[in-house]
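Okay, structure first, notes after.
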Amino acid sequence: MKKPVIRRCVATNEQFEKKALIRVVKTKEGVISIDLSGKMNGRGAYIAKTKEALKIAMSKQSLAKALEATIPSEIYEQLARIIDESSPR
Numbered sequence: 007m008k009k010p011v012i013r014r015c016v017a018t019n020e021q022f023e024k025k026a027l028i029r030v031v032k033t034k035e036g037v038i039s040i041d042l043s044g045k046m047n048g049r050g051a052y053i054a055k056t057k058e059a060l061k062i063a064m065s066k067q068s069l070a071k072a073l074e075a076t077i078p079s080e081i082y083e084q085l086a087r088i089i090d091e092s093s094p095r
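Structure, rendered in C-alpha cells:
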C-alpha cells in the first residue's frame with residue numbers, strides 16, 4: 007500500500023493529503039494558473055479547499071509569497087468558485 011502524499015497549505019500551514027488541496031502553479035514564463043491535475047510543470051503552492059484558507063491567503067498574500075509573484079484577482083475568483091463547488095451542501 008502506498009503512503010499518502012502530504013502537502014502543506016500556504017495559508018493555514020496545516021498538512022493535508024494532496025487530494026484535499028488545490029494547487030496553484032507559476033510556470034517558467036511567469037504565468038499563474040490553477041492546476042487541478044496536480045502535474046503541471048512549474049513552482050506549485052497548495053491551498054486548502056476552505057473559504058477560511060482563501061481569506062487568509064488573500065489577506066496575508068501567502069500565495070504571492072510562496073510563488074514569488076503577484077497573484078491576479080481572477081485566480082482568487084477561480085479558487086472561490088472551485089471551493090464553492092467542492093463544499094458539501
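Heads up: the sequence shown runs through residues 7 to 95, numbered per this note's numbering. All C-beta atoms in this analysis are idealised placements derived from N, C-alpha and C, irrespective of residue type, glycine included. Treat the numbers as computed from the prediction; the structure is a model and nothing was measured.
Within 9 angstroms, strictly: CB atoms of residue i and residue j
i   : j   : result
I89 : I28 : yes
L69 : A86 : no
Y82 : A59 : no
K71 : G48 : no
Closest Cα partner of residue i within the set the options
i   : options          : result
V30 : E58, N19 and K45 : K45
K34 : E80, P78 and E74 : E74
Residues near residue i by beta carbon distance below 8 angstroms, same chain, minus five either side
i   : result
K55 : A26, L27, I28, I88, I89, S92 and S93
I12 : Q21, F22, E23 and K24
K66 : A17
I40 : I28, R29, V30, V31, I81, Q84, L85 and I88
Neighbourhood of residue i by C-beta, 7 angstroms cutoff - its chain only, sequence neighbours within 5 removed
i   : result
C15 : F22, L27, Y52, I53, A54 and A59
I77 : I38, L69 and A70
G36 : A75
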